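Asker: Our numbering applies: residue 683 is where the sequence shown begins, and numbers increase by one. Glycine is no exception: its CB is placed at the ideal position from the N, C-alpha and C atoms. Only a predicted model underlies this, so the values are computations on that prediction, with no experimental measurement involved. I have a structure I would like to understand better, so I am pasting it below and will then ask my questions one at a time.
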Amino acid sequence: MTSYLIFGITYAFAAAVQPGHFMAYIISQTFSHGWKRTISAAFSPLLSDAPIIIVTLLLLSQIGDGFFKYLHIGGGIFLLYLACRAYKTRKSFEPGEMVQSQSVQRTLFSAAFVNILNPGPYIGWSLIVGPLFLKGWRETPVNGIALIIAFYSTMAVCLIGIIILFAFASRLGPKVNRISLGLSIIALTGFAAYQLWIGFNLL
683 MTSYLIFGIT
693 YAFAAAVQPG
703 HFMAYIISQT
713 FSHGWKRTIS
723 AAFSPLLSDA
733 PIIIVTLLLL
743 SQIGDGFFKY
753 LHIGGGIFLL
763 YLACRAYKTR
773 KSFEPGEMVQ
783 SQSVQRTLFS
793 AAFVNILNPG
803 PYIGWSLIVG
813 PLFLKGWRET
823 PVNGIALIIA
833 FYSTMAVCLI
843 GIIILFAFAS
853 RLGPKVNRIS
863 LGLSIIALTG
873 FAAYQLWIGF
883 NLL
């Protein structure tokens, strides 16, 4: 169970600090309306990901076990791609540019809608979290449940931290964000190797 907890925590952290549509929305909300009105958006992945999880797991449960080795390899390659993209982003990260591109929304449901339109959860659940969840569930349901709890609790905590950071420490925001991106590069690269190791061992 420990390995699933560690994966859920570290992958959620890496996903949370990646610049993108959803983080841009979070930052624009924080700058426009303050942290108190934005804090509920940290829990929107719990709402938006539910249908994605159900559909993805139903599809994955229908495919043969032999196909999972290719999903693990594909997931490892995708994680390496994310690590490379995070490295490039870290060198030129400008939060102000992301904020300007986003319209202002207020509610938890609008945050969930933004996340539904984000391709990240679909790809992440199809190639990375979904196959690992099913692997853990087949070993013992506790492993699968531990992965889900670790992932979404860490995601919420990280998003809350980002909201508070940009609300009260605007001068430190970009610097801290670059540090977070650096940590996410390490995490993504490590779990890319782990996914590839699982996939090639199944060949």
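Please classify S685 as buried or exposed, where buried requires at least 16 neighbouring CB atoms within 10 angstroms.
Answerer: The residue in question, S685, is exposed, as its Cβ has fewer than 16 Cβ neighbours within 10 Å.
Asker: Between the region 711-730 and the region 820-827, do three or more beta carbon pairs fall short of 8 Å?
Answerer: Too few Cβ pairs lie closer than 8 Å, so no.
Asker: Could you have a look at G716 and say whether DSSP puts it in helix, strand or coil?
Answerer: G716: coil per DSSP, three-state reduction.
Asker: Here's a check: name, in chain order, each residue in its chain whose Cβ is nearer than 6 Å to the Cβ of T692, leaving out the five neighbours to either side.
Answerer: A869.
Asker: Closest to L878 by CA distance: which of Y752, I735, F815, S722 is it?
Answerer: Answer by Cα proximity: Y752.
Asker: If I measure Cβ to Cβ from A697 and keep anything under 6 Å in the same chain, skipping five residues before and after, which residues do I get?
Answerer: Taken in chain order, the list of residues that qualify is empty.
Asker: Keeping to the same chain, check which residues put their C-beta closer than 7 Å to that of A849; ignore five residues upstream and five downstream.
Answerer: So the qualifying residues of the chain are T712, G716, W717.
Asker: Output the distance between the C-alpha atoms of I831 and I736, rounded to the nearest integer angstrom.
Answerer: Using only the alpha carbons, I get a separation of about 16 Å.
Asker: Need the endpoints of the alpha helix (DSSP H) that L814 sits in, please.
Answerer: Taken as a continuous stretch (DSSP letters only), the alpha helix (DSSP H) holding L814 covers 812-821.
Asker: Decide if Y763 is buried, meaning its Cβ has at least 16 other Cβ atoms within 10 Å, or exposed.
Answerer: Exposed, by the Cβ-count rule.
Asker: Which same chain residues, not among the five before or five after G756, have their C-beta less than 6 Å away from its C-beta?
Answerer: Result list for G756: L809, in chain order.
Asker: How big is the Cα-Cα spacing for A794 and S722?
Answerer: One C-alpha to the other measures close to 10 Å.
Asker: DSSP three-state call for A698: helix, strand or coil?
Answerer: In this structure, A698 counts as helix in the three-state DSSP scheme.
Asker: Check whether the Cβ atoms of H754 and L841 lie closer than 8 Å to each other.
Answerer: Not closer than 8 Å, so no.
Asker: Tell me whether Q787 sits in a helix, a strand or coil according to DSSP, three-state version.
Answerer: In this predicted model, Q787 has a pLDDT of only 43, less than 50, meaning its place in the structure is not dependable enough to derive any value.
Asker: How would you label V786, buried or exposed, when you count the other beta carbons within 10 angstroms and need 16 or more for buried?
Answerer: Any reading at V786 must be qualified, since the residue scores a pLDDT of 38, below 50, and its modelled position is unreliable; no value is offered.
Asker: Between the C-alpha atoms of I709 and F695, what's the straight-line distance to the nearest angstrom?
Answerer: Each residue's Cα considered, the two are about 17 Å apart.
Asker: Take L816 and list the residues in its own chain whose beta-carbon comes closer than 8 Å to its own, dropping the five residues that flank it on each side.
Answerer: Cβ within range, chain order: L739, L742, S743, F750, G826.
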